[in-house]
DNA sequence: ATTATATGCAACTGACAGGTTGCAGTTCGT
DNA sequence: ACGAACTGCAACCTGTCAGTTGCATATAAT
């Protein structure tokens, strides 16, 4: 009982929103979802940089780690390479927060909330 | 057209997701939405801190500025005080991105996308 | 065995975010 | 007019984030 205040969130929303706050991370996530799993080395050659030089593999690795920490991706070791798979399920948490945030939104989106729970760890089968 | 690469987003999504990535900011936003407009000074006394000391007014002001920059709040001067009002309309952009991101999500959420546009624009007009 | 490819780890840099303090300028109330 | 309350601005501190480089290590192919 040392703590009786509302206590600032500190939940997964910080990691989720934080992960999505970076354009490179959003690019990677969409890339993994739409084109399937890929390795950090491979992604390094694909990510747009807004500069002329491409991003380093290590930079990508760090971004991927943040996505993994947020629960949005999962590394799978295949021989000497590590293949990252998108696991977009936690996005439902974000949508959930958004729909609970607006006053009229609540009215408008209430009926969808139940369906969002049916989203699974699909993204792309690990195979 | 000197640029033929996909060019990393750089859009409002960075500011939107970035604004929502902080628990204090989420608290303020919800506070403004649910309890109505308030001044920075007033909010300073309400925000949970996870520490024993409350946040400074200046800290709140900075948070509010970030929300304003993201289009999620709007300052209204009333005499000597500045009352901040929530303008949650841009959240539709976030939901929109989320619904366009998943493959099956698209199927599942496609029918809602049109309705999201009906959320009223209370203050997105920075111009 | 040797070489090429891919990941893992650590140190380092530059920039920005969150937060504080102090002070100056405005507006309200009496 | 005078003091109280509120906002605005600027400097400053600290930690974290994005990104890089260099090197070590593990696996695959020949």
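Residue numbers (our numbering), protein chains in the order written: chain G, 490 to 616; chain X, 490 to 616. By construction, the Cβ of each residue, glycine as well, lies at the ideal position given by its N, Cα and C atoms. Because the structure is a prediction, the values reported are computed rather than measured.
Taking the CB atoms as reference points, tell me whether residue i and residue j lie closer together than 8 Å.
i	j	result
residue 580(X)	residue 587(G)	yes
residue 518(X)	residue 533(X)	no
residue 512(X)	residue 511(G)	no
residue 540(X)	residue 530(X)	no
residue 501(G)	residue 582(G)	yes
If you drop the 5 nearest sequence neighbours on each side, which residues of the same chain put their C-beta closer than 7 Å to that of residue i?
i	result
residue 515(X)	509
residue 505(G)	559, 579, 582, 583
residue 550(G)	529
Check the C-beta distance from residue i over to residue j and give it rounded, since I have them as a contact under 8 Å.
i	j	result
residue 548(G)	residue 556(G)	Their Cβ separation, rounded to whole angstroms, is 13 Å, which puts residue 548(G) and residue 556(G) out of contact at 8 Å.
Who does residue i pair with in a DSSP beta bridge?
i	result
residue 527(G)	573(G)
residue 563(X)	574(X)
Select from the options the residue whose C-alpha is nearest the C-alpha of residue i.
i	options	result
residue 559(X)	529(X), 530(X), 536(X), 575(X)	575(X)
residue 526(X)	551(X), 505(X), 564(X), 506(X)	564(X)
residue 568(G)	507(G), 538(G), 553(G), 528(G)	528(G)
residue 571(X)	585(X), 577(X), 553(X)	553(X)
Which residues in the same chain as residue i place their Cβ atom closer than 6 Å to its Cβ, once the five residues preceding and following it in sequence are excluded?
i	result
residue 538(G)	544
Could you pull out every residue in the same chain whose Cβ sits closer than 8 Å to the Cβ of residue i, ignoring the five residues on either side in sequence?
i	result
residue 507(G)	555, 559
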